[in-house]
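Using the working numbering, read the sequence shown as starting at -12 and increasing by one per residue. Every residue, glycine too, gets a C-beta built ideally from N, C-alpha and C. Predicted model, so just to flag it, every value in this text is computed and none were measured.
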Amino acid sequence: MISEFEGPSANGALNHAARLQAVADDRKSMGKTTMRRALLIVNPHARNGRGYGADIRSALEHGGLQLVERSPQDDETISDVILGERDCDLVIVGGGDGSLNAAARGLMETGLPLAILPLGTANDFARTVGIPADPVEAARRIASYEARPIDLGEVNGHLYFNVASIGFSAELAQQLSSAAKKKWGKLGYAIVAARILMRSELFTAYLEHDGMTEKIRTLQVSVGNGKFYGGGMAVEKDATVDDGKLDFYSLEVDHWWKLLRLLPSLRRGTHSKWDDVRAFPTTEVIVRTKKPRAVNTDGELSTWTPAHFRLLRKAIQVYMPDPTARP
């Protein structure tokens, strides 16, 4: 199996780590210089994307940021925009978890640090690292944060911040349209999830990890890098984005209604104590299925099984609160 590494490729790991360290040394605290050039990308399709306005812009500029505002054009992605603006000091992404996911490749390739305006439906990554849910307050605090290294997950070459799933969550992502998320928010997750859950069936999967191969029957397989996903569910109660591990779990209930008793634990991240849940930490796992199954990364369908998950250590820098100061 391929070993854990830092950065986008094993051969480029040291260069990537050195580039990130140089960026961190130069830009670690925005409060130490009078003006920073910030590339601002707001996703207008995010649930609150059109709510970006003068209050947020004023808060950012008051924090010593010179804003370069860009939006993806035509077939451009957020990563494409970042790659075209390498002379900036940082990138501010306004949107939800899908917008952050779309920025990941550009952030890794440029080494630019990320700051976040939570304008999406769930904003799970922002919650994981302690960024305020209110976008104006989040904008005010960016200048007080330091850029800190975080890990990313990768599956079949696709990066993710929070969690990647096969099974129930992937079906949910297929059914929950962007329009529904924008209109109904977290309520939309609950409505569609209940409908899908009642018709969900177990599937067979084969796991390869830590020198072992296991056959399982499962409703969902999830591999988490962060803590929160799906509008407030927790992969593991003590998970952080810099702990050097992925958290795997598999829901192996024989009837969908048994998930109802698991829901409180799934929200707290304490589900590993249940007999119906297989859970373990790892840095790499391969999941194979008899038929190709979709893989959901940060709420977007990105690839299919067989799925090769691995941890990318200290992949990017993110402006966020001091982890030791968070409750």
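Cβ neighbour criterion (16 or more within 10 Å) applied to residue i
i	result
Gly18	With a pLDDT of 48 at Gly18, under the threshold of 50, the predicted position of this residue should be treated as unreliable, and no value is reported.
Gln207	buried
Met199	exposed
Ala166	Its pLDDT being 49, under 50, Ala166 is placed unreliably by the model, and the measurement read from it follows with that caveat. It counts as exposed.
Ser131	exposed
Gly36	With a pLDDT of only 49 at Gly36, under 50, the local geometry of the prediction cannot be trusted, and no value is derived from it.
Leu233	buried
Arg24	exposed
Ser52	Note that residue 52 corresponds to Leu in the displayed sequence, not to Ser. Leu52 is buried by the Cβ-count criterion.
Arg326	Not covered by the structure: residue 326. The range shown for the chain is -12 to 314.
Ser58	exposed
Glu56	exposed
Glu201	exposed
Contact under 7 Å by Cβ, residue i with residue j
i	j	result
Ala266	Val210	no
Pro122	Leu106	yes
Leu27	Cys75	no
Asp138	Asn212	yes
Pro136	Lys301	yes
Gly85	Val29	no
Tyr306	Ile65	no
Leu253	Met220	yes
Asp285	Asn110	no
Gln317	Ala89	This structure cannot settle anything about residue 317, because the visible part of the chain is limited to -12 through 314.
Leu249	His258	yes
Ala125	Leu94	no
Rounded C-alpha distance that separates residue i from residue j
i	j	result
Thr292	Tyr193	11 Å
Leu87	His49	24 Å
Gly83	His196	31 Å
Gly217	Arg114	12 Å
Glu96	Lys245	44 Å
Lys278	Phe190	10 Å
Ile69	Ala312	31 Å
Met22	Asp229	29 Å
His32	Arg44	18 Å
Ala91	Gly98	10 Å
Glu188	Leu47	48 Å
Ala102	Arg127	11 Å
Asp67	Arg73	11 Å
Tyr147	Ala41	31 Å
Leu298	Gln60	31 Å
Gly140	Leu288	15 Å
Lys169	His242	Here Lys169 scores only 49 on pLDDT, less than 50, and its place in the model is too uncertain to base an answer on.
Gly144	Val282	12 Å
Phe112	Thr227	10 Å
Asp225	Glu271	19 Å
His62	Gly71	Residue 62 is actually Asp in this sequence, not His. Approximately 14 Å between the Cα atoms of the pair.
Ile203	Arg280	15 Å
Glu223	Ser156	16 Å
Val116	Gly231	15 Å
Thr108	Thr276	31 Å
Thr205	Glu158	14 Å
Lys260	Thr290	30 Å
Beta-ladder partner(s) of residue i, from DSSP
i	result
Asp234	Gly211 and Pro268
Gln304	Pro136
Leu53	Sequence inspection shows Gln at residue 53; the Leu mentioned does not correspond to that position. Arg24, per the DSSP bridge assignment.
Gly81	Val29 and Leu104
Trp291	Ala281
Ser45	According to DSSP, which records beta bridges pairwise, Ser45 is partnered with nothing at all.
Lys202	Tyr193
Thr276	Ala192
Ala221	Phe215
Val116	None; Val116 has no bridge partner.
Glu141	Leu146 and Arg297
Ser156	In the DSSP output, where bridge partners are listed per residue, Ser156 has none listed.
For residue j and residue i, believed in contact at Cβ under 8 Å, the rounded distance
i	j	result
Val78	His295	With 8 Å as the limit, Val78 and His295 do not qualify as a contact, their Cβ atoms being about 28 Å apart.
Asp262	Leu238	Wrong, their Cβ atoms sit about 12 Å apart, outside the cutoff.
Phe235	Thr269	6 Å
Val274	Ile153	6 Å
beta-carbon residue i near the ligand GDP non-hydrogen atom, thresh 6 Å
i	result
Leu246	In the structure on display, the ligand GDP does not appear, and there are no ligands present to speak of.
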